[in-house]
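A.B. asks:
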Amino acid sequence: MAQPIPAPAAAQFANPLPIIGTQYCEPYPVDLSVVREDKFMSPGNFVVTATNESKNTVIFTGKRNLRTLDLDQRVLLDAAGKPIVTLRQKRMIMTSQQRWNVYRGKSKEPRDLIFTVNKGSVSMFQRKAKVHVFLANNTKEEVCDFMVQGSRAEKSCVVYTGDHTNIVAQMHKENTPRCCVLTGKEKYSVTVHPNVDHAFIVALIVILDDMNRPS
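Just so we're on the same page, this note's numbering is the position in the sequence shown counted from 1, plus 70.
#1: Taking DSSP as the reference, what is the three-state secondary structure of residue 175?
#2: Might you give, ordered along the chain, the residues of its own chain that have their beta carbon closer than 6 Å to the beta carbon of residue 218, omitting 5 neighbours on each side?
#3: Looking at the strands, I want to know which residues DSSP matches up with residue 95.
#4: Just tell me which of 268, 162, 241 and 151 has its CA closest to the CA of residue 256.
#5: Here's a check: name, in chain order, each residue in its chain whose Cβ is nearer than 7 Å to the Cβ of residue 97, leaving out the five neighbours to either side.
#6: Quick check on residue 162: does DSSP put it in helix, strand or coil?
#7: Among 271, 185 and 212, whose alpha-carbon lies nearest the alpha-carbon of residue 173?
#8: In whole angstroms, what is the alpha-carbon distance linking residue 83 and residue 134?
#9: Would residue 267 and residue 89 qualify as a contact pair, given that the criterion is a beta-carbon distance under 8 Å?
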């Protein structure tokens, strides 16, 4: 008789798992609040707050560069306003697939690529969409390094290691007051497991939010 496949477990990494930087890896779970700002006042902007501190502290902001009118680009900044990564969408012609490249700092150069996020075509019969993440050194992209599985109905998603055996982060969208629906303001609650790079997880959430918004 075949043995049942064990369910994925919360990751218990003994050492930091830096994707963007070791300074974003904590030895304890990190709880975050990610808020997408009013689309009329601050289109494409995000504020990220650490909620498991003694008081809420803004640790990241995400901004769209309106001066260049580049609607396919976001920049993630640290608390001091220094660019950490640039998130850039690569337009796919004649397909519903979506692909984003994430670069270090303000760079767009291939040598500064950190990871790529790819969302394939989704069938109307699929209950949960899957998004694959490939690190820069994974050039063949045959097996993903991380995978995000989300449910629109449940307004939630889980980030797994590529082999689907460990959960590295979980996110759910909080109920939006009616007054905020028209302005596009959204709030996400996120838990990042110990030693996982929380800047990496925030960059993923900013990309996922854009992927799931109506075009």
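Yeah, the Cβ is synthetic: ideal placement off N, Cα and C, and Gly gets one too.
These figures come from a predicted structure and were not determined experimentally.
C.D. replies: Let's see:
#1: Looking up residue 175 in the sequence shown gives position 105. Three-state DSSP puts residue 175 in coil, outside helix and strand.
#2: On the sequence shown, position 148 is the one that residue 218 refers to. Setting aside the 5 residues that flank it on each side, residue 218 is surrounded in the same chain by 201, 227 and 229, each with a C-beta closer than 6 Å to its C-beta; the list follows chain order.
#3: Counting from 1 along the sequence shown, the entry for residue 95 is found at position 25. Here residue 95 is bridged, per DSSP, to 267.
#4: As a working note, residue 256 is residue 186 in the sequence shown. Residue 241 is the option with its Cα nearest to residue 256.
#5: On the sequence shown, position 27 is the one that residue 97 refers to. 264 and 265.
#6: Walking along the sequence shown from the start, residue 162 turns up at place 92. DSSP, reduced to helix, strand and coil, places residue 162 outside both helices and strands of the structure shown, so it counts as coil.
#7: Working through the sequence shown from its first residue, we reach residue 173 at position 103. Among 271, 185 and 212, the Cα nearest to that of residue 173 belongs to 185.
#8: Position 13 of the sequence shown, counted from the start, is the residue given in the question as residue 83. Position 64 of the sequence shown, counted from the start, is the residue given in the question as residue 134. Taking the Cα positions, residue 83 is about 33 Å away from residue 134.
#9: On the sequence shown, position 197 is the one that residue 267 refers to. On the sequence shown, position 19 is the one that residue 89 refers to. In terms of Cβ geometry, residue 267 and residue 89 form a close pair [threshold 8 Å].
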